[in-house]
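Participant:
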Amino acid sequence: MATTKKTTAKKATKTKAVAKRAPTKARRRSAEPELPHDEEAARAAAGKSLVIVESPAKAKTIGKYLGSAYAVKATVGHIRDLPVKSIGIDPENGFEPEYVTIPGKEKTVAELKSAAKTAKAVFIATDPDREGEAIAWHVESQIKKTGAPIKRALFYEITKDAVSKALTEARAIDSKKVDAQQARRVLDRLVGYKASPVLWKTVKKGLSAGRVQTVALRLLVEREREIRAFKPKEYWTIAARLEHEGQEFVAKLHHLDGEKPEIPNEAAANAILKDLAGRKHFDVTDIKRRERRKNPEAPFKTSTLQQEAAKKLGFGSKRTMRLAQNLYEGVELGKSEGAVGLITYMRTDHVRVAETAAAAARDYLGKHYPKEFLADAPRLFPAGKDDAAQGAHEGIRPTDPARTPESVAKYLSPEQLKLYTLIWQRFMASQMAPAVFDTTTVDFDLGRYLFRATGSVIKFQGFLALYKEAREEGDSKALEDEQALPAIEPGEHAPVRGIDPSQHFTEPPPRYSEASLVKELEKRGIGRPSTYASIISTLTERHYAELQQRRFFPTELGESVEKVMVKQFPREFDVGFTAQMEGELDKVEEGEMGWKDVLEEFWGPFEHSLESVDAEALIREAHDLSALDNEKCPECGGRLLPKGGFFGPFVACENHPKTCKFTRPLKGKKEPPVMTKYACPICGKPMVIRRSRSGEFLGCSTFPKCKGTKSMPTGVMCPKDGGDIAARRSKKRGKAFYGCENYPNCDFVCWDKPVAEKCAECGNVGAEAKSNKTRGHYRKCLKCANEWDVEAPEGTEATEAATA
Numbered sequence: 055m056a057t058t059k060k061t062t063a064k065k066a067t068k069t070k071a072v073a074k075r076a077p078t079k080a081r082r083r084s085a086e087p088e089l090p091h092d093e094e095a096a097r098a099a100a101g102k103s104l105v106i107v108e109s110p111a112k113a114k115t116i117g118k119y120l121g122s123a124y125a126v127k128a129t130v131g132h133i134r135d136l137p138v139k140s141i142g143i144d145p146e147n148g149f150e151p152e153y154v155t156i157p158g159k160e161k162t163v164a165e166l167k168s169a170a171k172t173a174k175a176v177f178i179a180t181d182p183d184r185e186g187e188a189i190a191w192h193v194e195s196q197i198k199k200t201g202a203p204i205k206r207a208l209f210y211e212i213t214k215d216a217v218s219k220a221l222t223e224a225r226a227i228d229s230k231k232v233d234a235q236q237a238r239r240v241l242d243r244l245v246g247y248k249a250s251p252v253l254w255k256t257v258k259k260g261l262s263a264g265r266v267q268t269v270a271l272r273l274l275v276e277r278e279r280e281i282r283a284f285k286p287k288e289y290w291t292i293a294a295r296l297e298h299e300g301q302e303f304v305a306k307l308h309h310l311d312g313e314k315p316e317i318p319n320e321a322a323a324n325a326i327l328k329d330l331a332g333r334k335h336f337d338v339t340d341i342k343r344r345e346r347r348k349n350p351e352a353p354f355k356t357s358t359l360q361q362e363a364a365k366k367l368g369f370g371s372k373r374t375m376r377l378a379q380n381l382y383e384g385v386e387l388g389k390s391e392g393a394v395g396l397i398t399y400m401r402t403d404h405v406r407v408a409e410t411a412a413a414a415a416r417d418y419l420g421k422h423y424p425k426e427f428l429a430d431a432p433r434l435f436p437a438g439k440d441d442a443a444q445g446a447h448e449g450i451r452p453t454d455p456a457r458t459p460e461s462v463a464k465y466l467s468p469e470q471l472k473l474y475t476l477i478w479q480r481f482m483a484s485q486m487a488p489a490v491f492d493t494t495t496v497d498f499d500l501g502r503y504l505f506r507a508t509g510s511v512i513k514f515q516g517f518l519a520l521y522k523e524a525r526e527e528g529d530s531k532a533l534e535d536e537q538a539l540p541a542i543e544p545g546e547h548a549p550v551r552g553i554d555p556s557q558h559f560t561e562p563p564p565r566y567s568e569a570s571l572v573k574e575l576e577k578r579g580i581g582r583p584s585t586y587a588s589i590i591s592t593l594t595e596r597h598y599a600e601l602q603q604r605r606f607f608p609t610e611l612g613e614s615v616e617k618v619m620v621k622q623f624p625r626e627f628d629v630g631f632t633a634q635m636e637g638e639l640d641k642v643e644e645g646e647m648g649w650k651d652v653l654e655e656f657w658g659p660f661e662h663s664l665e666s667v668d669a670e671a672l673i674r675e676a677h678d679l680s681a682l683d684n685e686k687c688p689e690c691g692g693r694l695l696p697k698g699g700f701f702g703p704f705v706a707c708e709n710h711p712k713t714c715k716f717t718r719p720l721k722g723k724k725e726p727p728v729m730t731k732y733a734c735p736i737c738g739k740p741m742v743i744r745r746s747r748s749g750e751f752l753g754c755s756t757f758p759k760c761k762g763t764k765s766m767p768t769g770v771m772c773p774k775d776g777g778d779i780a781a782r783r784s785k786k787r788g789k790a791f792y793g794c795e796n797y798p799n800c801d802f803v804c805w806d807k808p809v810a811e812k813c814a815e816c817g818n819v820g821a822e823a824k825s826n827k828t829r830g831h832y833r834k835c836l837k838c839a840n841e842w843d844v845e846a847p848e849g850t851e852a853t854e855a856a857t858a
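With our numbering applied, the sequence shown closes on residue 858, and no number is skipped along the way.
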């Protein structure tokens, strides 16, 4: 035993001696203890400059450009924020915010501190906007004690030259931008934490009020009220089908007795037809011809990119910004090029173009298009005085115009390629010549009646050879889509082939689409480039609105939230006031206002509104409780009143809780669950119809013992495998759709509600109930796609016209 111990000791001494000598790499690995991850990172970064960005994808692209002299780290978004479980703001002490490390980000902060300790210099290169500046400020607060010099770098595009230039032009963190972002964050927290409990008492527990989102919801609800209150008005138009040298064209009744024609009904239309009966031809009395030029649009800014992607590609705002972020941060373009940032920064209020970018675009266009397709001079779209303060220095454009969509197609996903193509074409078209149209107006003066034919033909395509802006139904008619007119001169006769009356009804304003809502928010001055996507996605994620046929329909829940919030806080959720607040945040960034001054001005009236909350009045405003006034308490005969509580509104006796304990749910007695024929997928027991925030669903009758659920079936069978087609909702956007219950084994989906109607072609029972502005209501067979028209359900004409 003693010999063994002596041998072991000798071996240990020998091992230590070997470790002291210069070891080989293999011995060094075995001799040295394994370093913690952050220490290992610090050793690797020793003597290097440290660049800190937000995204790992951006870090990878930038690291390739900078080489071994730099270490690049990512914060992966924010590292510090207000606490989750408390308000984190003291209004009585200058609105001082309490910032804490975001749970789960402790390791990231430790790694940044460790890397900064041994770095020669630190460049914080988070996104070039207010939010990015705030993240940079939080990073600086965590690493400034390391002693390394800290500078702020702004990457408006991620290319080798742009990155190098940004580092040489690095500056101090912009405290004014930080203040503007901090003011926004504190405002949003104050409203969210203080106003949301009002919703819990009056509508439902767990709801959330957003400072800007509620204003956007107000726009949707007010539009819905306009549509419901709209009363369609009948009117008629009259058009003459004329012909000249074999070419047919249309002239419309333009004036009646020198005034715009007002034809209220069929009788008035028939009187005009009777007056015009017997006319064999119309004589041309006047012709006006002119040339019109249409200039290309400026490159995209954030709002126009979201609008065009919605109209042209069907992308939601959140999806558009996610894809744009990918393109900005860098995409792998094969071994020869590696990761490359394909577009400039995508959160911007500006459309300005750098001279070098315009020159590169013109160089490409000069090689691929005839000379006349190129604009006479570079179009730089200089920034105006009224441009919003937040935004990058340029519009959204490709970083290299010569990098065509075709050349990068194999490296991009189909979605990325579609968006890059849109951005590339819009920018390149902005440097092209105007489109030229020949427009003609032909008048036929018949005494009391003036008929007019208008037409336009493209004389020179110009930028339209590359890019044409998308239009939604309801947008003004494009000039280039008008009819072509024959070569006709004054005094010539145009034979009449028919005079046709047409009945019309005035239509309500259309419901907002994602594109039109972004446009309205920008027009009203609500939100900024970095907030449009989150404003819109929050509406559907909270089930305050639904997207159907790409239009927003406020839900019953959304309407209740809007009613309560606007009733109690008319100032804070006023559209004009919210726009004014955005303007004040801009002034903070420009140094014209202090951020605490903005909060003081907001807080006083808001606090007063909180103190004057009348839960009963708000509950009555949000719910129809007219029948409650005639009811008496079944226990003591007292009056029944609506009351607010932490778990939502309820009905209680006026003597509750002192002398009477009677309470009941807000909407009468609690109805027993409705049993169905469907079996629970978990335990096999019958299922009942239940309701959630997003609508009805099937739940196990033994709940909470069994928590099985299913989507609500439509009663229509899947044409693929015979399973029930059930209503579903997408998680990201809250969009309603219908799919087979056997998913993922069956991938059948449809976007319009299935109805149990039989197809005359194939005999299948099941069709989509579809409608649009042009065709009206019709059905489309789920199996063979055969279509047939149906009459509109009673009472839907006035409102459904606004859906298309």
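Yeah, the Cβ is synthetic: ideal placement off N, Cα and C, and Gly gets one too.
Taking the C-alpha atoms as reference points, what is the distance between T853 and S567?
Facilitator: For the purposes of this step, residue 853 is taken as the residue at position 799 of the sequence shown. For the purposes of this step, residue 567 is taken as the residue at position 513 of the sequence shown. With a pLDDT of 36 at T853, under the threshold of 50, the modelled position of that residue is not reliable, and the figure given next carries that caveat. Taking the straight line from one Cα to the other gives about 15 Å.
Participant: So, is the C-beta of P562 closer than 9 Å to a C-beta in chain B?
Facilitator: Any reference to chain B falls outside this structure, which holds one protein chain only.
Participant: If you measure between the beta carbons of T213 and G509, is that distance less than 9 Å?
Facilitator: Numbered from its first residue, the sequence shown carries residue 213 at position 159. Numbered from its first residue, the sequence shown carries residue 509 at position 455. No, the Cβ-Cβ distance between T213 and G509 is not below 9 Å.
Participant: Tell me whether H404 sits in a helix, a strand or coil according to DSSP, three-state version.
Facilitator: Locating residue 404 in the sequence shown gives position 350, counting from the first residue. Residue state, collapsed to three classes: coil.
Participant: Closer than 8 Å is the cut-off here; do at least three beta carbon pairs connect the segment 452 to 472 with the segment 382 to 395?
Facilitator: Enough Cβ pairs lie closer than 8 Å, so yes.
Participant: Could you spell out where the beta strand (DSSP E) holding M729 opens and where it closes?
Facilitator: Position 675 of the sequence shown, counted from the start, is the residue given in the question as residue 729. From DSSP, the beta strand (DSSP E) with M729 extends over V728 to A733.
Participant: By the 10 Å Cβ neighbour count, where 16 or more other Cβ atoms means buried, how is I549 classified, buried or exposed?
Facilitator: The count along the sequence shown starts at 1 and reaches residue 549 at position 495. One detail in the question is off: residue 549 reads as Pro in this sequence, not Ile. Exposed: under 16 other Cβ atoms inside 10 Å.
Participant: Kindly indicate which residue of E150, T115, A179 and C838 has the alpha-carbon position closest to the one of G131.
Facilitator: As a working note, residue 131 is residue 77 in the sequence shown. Minimum Cα distance to G131 is reached at A179.
Participant: Measure from the alpha carbon of V819 to the alpha carbon of each residue in D403, P808 and R134, then state which is nearest.
Facilitator: Numbered from its first residue, the sequence shown carries residue 819 at position 765. V819 has its Cα closest to that of P808, out of D403, P808 and R134.
Participant: Under 6 Å Cβ to Cβ from W478, same chain only, skipping five residues before and after it: list those, please.
Facilitator: What you label residue 478 is simply residue 424 of the sequence shown in a count that begins at 1. If we look at W478 and ignore the five residues flanking it on each side, its Cβ neighbours are P452 and P459.
Participant: Touching or not, the segment 236 to 247 and the segment 589 to 605, by the rule of three or more beta carbon pairs under 8 Å?
Facilitator: The answer is no - the segment 589 to 605 does not touch the segment 236 to 247, with fewer than three Cβ pairs under 8 Å.
Participant: Since Q236 and W649 are thought to touch, with beta carbons under 8 Å apart, how far apart are those beta carbons, to the nearest angstrom?
Facilitator: On the sequence shown, residue 236 is found 182 positions in, with the first residue counted as 1. On the sequence shown, residue 649 is found 595 positions in, with the first residue counted as 1. That pair is a contact at about 6 Å.
Participant: Using the beta-carbon count (16 or more within 10 Å), is R343 buried or exposed?
Facilitator: Along the sequence shown, read from residue 1 onward, the residue named residue 343 stands at position 289. Label assigned to R343: exposed.
Participant: May I ask you to report which of helix, strand or coil DSSP gives Q444?
Facilitator: Taking the first residue of the sequence shown as 1, we reach residue 444 at position 390. Low per-residue confidence applies at Q444: pLDDT is 39, beneath 50, and the placement is therefore not dependable enough to give any value.
Participant: How should V496 be labelled, buried or exposed, when 16 other C-beta atoms within 10 angstroms of its C-beta is the threshold for buried?
Facilitator: Locating residue 496 in the sequence shown gives position 442, where the first residue counts as 1. Label assigned to V496: buried.
Participant: Closest to I281 by CA distance: which of R674, P608, N684 and Y832 is it?
Facilitator: Within the sequence shown, residue 281 is the residue found at index 227, counting from 1. Closest option to I281, Cα to Cα, is P608.
Participant: Could you have a look at F491 and say whether DSSP puts it in helix, strand or coil?
Facilitator: Within the sequence shown, the letter at position 437 stands for residue 491. Strand, per DSSP.
Participant: Write down the C-beta distance between A128 and V107 rounded to the nearest angstrom, noting that I regard them as a contact closer than 8 Å.
Facilitator: Here residue 128 is taken as the residue at index 74 of the sequence shown, counted from 1. Here residue 107 is taken as the residue at index 53 of the sequence shown, counted from 1. The Cβ separation is near 6 Å, so the contact holds.
Participant: In the DSSP assignment, find the unbroken beta strand (DSSP E) run with I512 in it and report its ends.
Facilitator: Here residue 512 refers to the residue found at position 458 when the sequence shown is read from its first residue. From DSSP, the beta strand (DSSP E) with I512 extends over Y503 to F514.
Participant: If you reduce the DSSP assignment to three classes, tell me which class T560 lands in.
Facilitator: Residue 560 sits at position 506 when you count from the first residue of the sequence shown. T560 falls in the coil class under three-state DSSP.
Participant: So, is F177 buried or exposed, given that buried needs 16 or more other C-beta atoms within 10 angstroms?
Facilitator: Start at 1 with the first residue of the sequence shown, and residue 177 comes out as number 123. Under this definition F177 is a buried residue.
Participant: Report buried or exposed for V252, applying the criterion of at least 16 other Cβ atoms within 10 angstroms of its Cβ.
Facilitator: As a first step, residue 252 must be located in the sequence shown, where it is residue number 198. With 16 or more other Cβ atoms within 10 Å, it is buried.
Participant: By a C-beta neighbour count over all protein chains shown, 10 Å radius and 16 as the cutoff for buried, is K439 buried or exposed?
Facilitator: The residue given as residue 439 occupies position 385 in the sequence shown. Any answer about K439 is weak, because its pLDDT of 48 lies below 50 and its placement is not dependable; what the coordinates show is given next. Burial call: exposed.
Participant: In chain order, which alpha helix (DSSP H) runs of at least 4 residues are fully inside the segment 244 to 286?
Facilitator: Segments of the alpha helix (DSSP H) lying fully in the segment 244 to 286: 267 to 283.
Participant: Who does H335 pair with in a DSSP beta bridge?
Facilitator: Position 281 of the sequence shown, counted from the start, is the residue given in the question as residue 335. Partner(s): P549.
Participant: DSSP beta-bridge partners for V126?
Facilitator: As a first step, residue 126 must be located in the sequence shown, where it is residue number 72. The partner list for V126 (beta bridge, DSSP) reads V105.
Participant: Looking only at C-alpha atoms, which of A790, R551 and E638 sits nearest to G300?
Facilitator: For the purposes of this step, residue 300 is taken as the residue at position 246 of the sequence shown. Checking every option, the nearest Cα to that of G300 belongs to R551.
Participant: Closer than 6 Å by C-beta to G581: which residues in its own chain qualify, once you throw out the five before and the five after it? Chain order, please.
Facilitator: Here residue 581 refers to the residue found at position 527 when the sequence shown is read from its first residue. The answer, listed in chain order, is V266, L575 and I589.
Participant: Just tell me which of R373, S484, E595 and N826 has its CA closest to the CA of D806.
Facilitator: Within the sequence shown, numbered from 1, the residue matching residue 806 stands at position 752. When each option's Cα is compared against that of D806, the closest is N826.
Participant: Less than 9 Å separating the beta-carbons of T356 and S680?
Facilitator: By 1-based counting over the sequence shown, the position of residue 356 is 302. By 1-based counting over the sequence shown, the position of residue 680 is 626. Contact flag unset, no.
Participant: Does the segment 681 to 690 come within contact of the segment 661 to 673, defined as at least 3 CB pairs closer than 8 Å?
Facilitator: Verdict: no, contact absent.
Participant: Tell me M741's beta-bridge partners as DSSP assigns them.
Facilitator: Position 687 of the sequence shown, counted from the start, is the residue given in the question as residue 741. Note: M741 sits in a beta bridge opposite C754.
Participant: Report the three-state DSSP secondary structure of A378 (helix, strand or coil).
Facilitator: In the sequence shown, the residue the question calls residue 378 occupies position 324. Looking at A378 - three-state DSSP - the assignment turns out to be helix.
Participant: Would DSSP call M619 helix, strand or coil?
Facilitator: For the purposes of this step, residue 619 is identified with residue 565 of the sequence shown, where counting begins at 1. M619: helix per DSSP, three-state reduction.
Participant: Excluding sequence positions up to five away, which residues of its chain have a Cβ less than 8 Å from the Cβ of V471?
Facilitator: Stepping through the sequence shown from its first residue, residue 471 is reached at position 417. The displayed chain sequence assigns Leu, not Val, to residue 471. Taken in chain order, the residues that qualify are P459, V462 and A463.
Participant: For H341, I'd like the list of residues in its chain whose CB is within less than 8 Å of its CB, leaving aside the five on either flank, ordered along the chain.
Facilitator: As a position in the sequence shown, residue 341 is number 287, starting the count at 1. Before going further, note that residue 341 is Ile rather than His in the sequence given. Cβ within range, chain order: T494, T495, V496, D497, I542, E543 and P544.
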